[in-house]
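Enquirer: If you scroll down you'll find the structure; I have some questions about it.
Laid out in structure tokens, this is it:
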């Protein structure tokens, strides 16, 4: 559930409130990356501190720690403060994700423009493709002089011719 600015102002000191205000648009969109990183770090420290204080106070109410807290509602402000700071961190993380996606998109557009502008590389012929039906493979064996069905007839004719020559 979102917290009103009036409640935020009531729960936090001036410095924390200023930090949380920087996490809202349009201020968040105008921050530089370095400033965004520093703001994230400072908010995390504040959130962790508020969460730890709330945790310690809840333990004290249950009687687990030092008995300095007298009633249960004592830590409600710290829990709410931790929640407000966590919401601010969520807004910052969303902005960082958005910026990263924007950067990746810009890189993709730049790469596409470079690819469109460059000449197509000279590539070798693709060779046989099944585009116009299957074609005969080129044989790696030597070319035949005689058709296979004539091989026996020709060799027999050669034998006879040799026999005629030998007998004469």
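In this note's numbering, the protein residues as written are 91 to 258.
Think of the CB as a built atom: it goes at the ideal place given N, C-alpha and C, for glycine as much as any other residue.
In this text, all values refer to a predicted model and were calculated from it rather than measured experimentally.
So, with DSSP's three-state summary, where would you put residue 214?
Expert: coil
Enquirer: Cβ of residue 118 within 9 Å of Cβ of residue 109?
Expert: The Cβ atoms of residue 118 and residue 109 do not sit closer than 9 Å to each other.
Enquirer: Who are the near neighbours of residue 176 in its chain, counting only those whose CB is closer than 7 Å to its CB and skipping five residues on each side?
Expert: 137
Enquirer: Kindly list the residues whose CB is nearer than 7 Å to the CB of residue 155, restricted to its own chain and excluding five residues on each side of it in sequence; keep chain order.
Expert: For residue 155, where only same-chain residues beyond five positions count, the Cβ hits under 7 Å are 146 and 149.
Enquirer: Give the DSSP-derived three-state secondary structure of residue 246 in the structure shown.
Expert: helix
Enquirer: What residues in its chain sit with their C-beta under 6 Å from that of residue 200, if we drop five residues either side in the sequence?
Expert: none
Enquirer: Verify whether the separation of the beta carbon atoms of residue 102 and residue 182 is less than 9 Å.
Expert: no
Enquirer: Smallest Cα separation from residue 144: which of 170, 132 and 130?
Expert: 170
Enquirer: Just reading off the alpha helix (DSSP H) that residue 134 is part of, what are its end residues?
Expert: 123-152
Enquirer: Between which two residues does the alpha helix (DSSP H) harbouring residue 232 extend?
Expert: No alpha helix (DSSP H) holds residue 232; DSSP gives it neither H nor E.
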